[in-house]
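K.L.:
Residue numbers (this note's numbering): 4 to 270.
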């Protein structure tokens, strides 16, 4: 009877026991010894390290052969040489910043290379001729501009879409605290999401919208910048532009990734 009671108790506990995960991994043997498994793992690690080293050697050689400063698109070089905007493009970071001064104002323009989706011949609509592009064919790149003033604690922040050599304003926000508008942190991002910062741009009076657009153009957010941004983003994404002058941003980041993985695998 005692044994029967024990069986019944175990039967009742079975669902709970199923929910308990073992603290020690369960070893399942499939017809080979543990020693063979470790040897196989070590062999696979060595093989991966060798393949990574071969890829590193190949990429380093290719990049050395491909570095040609003269191959940089002249329009990108000329735009930066005008000196109106100062660019900050950090390797391994998708965000690109353009900054400038306008009187007592500090203007920061930002876009992300990751937002530029695939642009290739296969993405073009069927029946479209390369010699007769229509407005709207080019994917819109999301950009933002923040304007702060030394004479005021607040800031204006505009979200725009860049396509076909022009900007379309999505909204213009006003922040009482410039820190919230410009700080790139999770905390500030949460604060921005919880604040009402203004109406949709499309809901504004047409005359007011035109005035805002003229205000931005006066500060350099114009057709020249709208032409530069997607060209630069495409160049950087394709690995042909680095630090504004030399080739290989994408290739350089790939090589850095190879080195990082190799170091981890061989450690």
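The beta-carbon is built from N, C-alpha and C at its ideal position, and this holds for glycine as well.
This one's a predicted model, so the numbers in the text were calculated from it and none came from an experiment.
Check for me: the beta strand (DSSP E) holding residue 102 runs from which residue to which?
P.N.:
Segment 98-105, the beta strand (DSSP E) holding residue 102.
K.L.:
Could you round the C-beta distance between residue 262 and residue 59 to whole angstroms and report it? I think they count as a contact, below 8 Å.
P.N.:
Contact holds; Cβ gap of about 6 Å.
K.L.:
Specify whether the segment 49-56 and the segment 205-212 touch according to this definition: at least 3 beta carbon pairs, one from each stretch, less than 8 Å apart.
P.N.:
Result no; under three Cβ-Cβ pairs closer than 8 Å.
K.L.:
Which word fits residue 269, buried or exposed, when buried means at least 16 other C-beta atoms lie within 10 angstroms of its C-beta?
P.N.:
So residue 269 ends up on the exposed side.
K.L.:
Could you give the first and the last residue of the continuous beta strand (DSSP E) run that contains residue 95?
P.N.:
That residue, residue 95, is in no beta strand (DSSP E); it is neither H nor E in DSSP.
K.L.:
For residue 165, does the count of other Cβ atoms within 10 angstroms reach 16, so buried, or fall short, so exposed?
P.N.:
Buried is the call here.
K.L.:
Under three-state DSSP, which class holds residue 263?
P.N.:
Helix at residue 263.
K.L.:
Buried or exposed: where does residue 50 fall if 16 or more other Cβ atoms within 10 Å of its Cβ makes it buried?
P.N.:
Result: exposed.
K.L.:
Expressed to the nearest angstrom, what Euclidean distance is found between the alpha-carbon atoms of residue 79 and residue 88?
P.N.:
Approximately 12 Å, taken between the alpha carbons.
K.L.:
Between residue 150 and residue 172, what straight-line distance do the alpha-carbon atoms span, to the nearest angstrom?
P.N.:
Distance between the alpha carbons of residue 150 and residue 172: 15 Å.
K.L.:
Can you give me the C-alpha to C-alpha distance between residue 273 and residue 178, rounded to a whole angstrom?
P.N.:
There is no way to answer for residue 273, as the model of the chain reaches only from 4 to 270.
K.L.:
Between the alpha carbons of residue 277 and residue 45, how many angstroms are there, rounded?
P.N.:
Outside the displayed range of the chain (4 to 270) lies residue 277, so it cannot be described from this structure.
K.L.:
Mapping the DSSP letters down to three states, classify residue 192 as helix, strand or coil.
P.N.:
It is helical.
K.L.:
Taking 8 Å as the limit between beta carbons, can you name the residues of its chain near residue 156, skipping five residues before and five after?
P.N.:
Excluding sequence neighbours, residue 156 sits near 179, 180 and 181.
K.L.:
One question on the structure: do residue 118 and residue 152 come within less than 8 Å of each other, judged by their Cβ atoms?
P.N.:
Going by C-beta atoms, residue 118 is not nearer than 8 Å to residue 152.
K.L.:
Does DSSP put residue 234 in a helix, a strand or coil?
P.N.:
Note: residue 234 maps to helix in three-state DSSP.
K.L.:
Starting from residue 174, follow its DSSP beta bridges and name the residues at the other end.
P.N.:
Note: residue 174 sits in a beta bridge opposite 162 and 203.
K.L.:
Given this structure, state the Cα-to-Cα distance separating residue 188 from residue 65, to the nearest angstrom.
P.N.:
Their backbone Cα atoms lie some 38 Å apart in a straight line.
K.L.:
Residue 232 and residue 146: beta carbons closer than 8 Å?
P.N.:
Yes, the pair counts as a contact, with Cβ atoms nearer than the cut-off.
K.L.:
Would you list the residues sitting across from residue 144 in a DSSP beta bridge?
P.N.:
The partner list for residue 144 (beta bridge, DSSP) reads 165.
K.L.:
Report buried or exposed for residue 240, applying the criterion of at least 16 other Cβ atoms within 10 angstroms of its Cβ.
P.N.:
Buried, because 16 or more other Cβ atoms sit within 10 Å of the Cβ of residue 240.
K.L.:
Could you check the C-alpha separation between residue 105 and residue 93 for me, to the nearest Å?
P.N.:
Cα to Cα, the separation comes out at about 24 Å.
K.L.:
Would DSSP call residue 258 helix, strand or coil?
P.N.:
It is helical.
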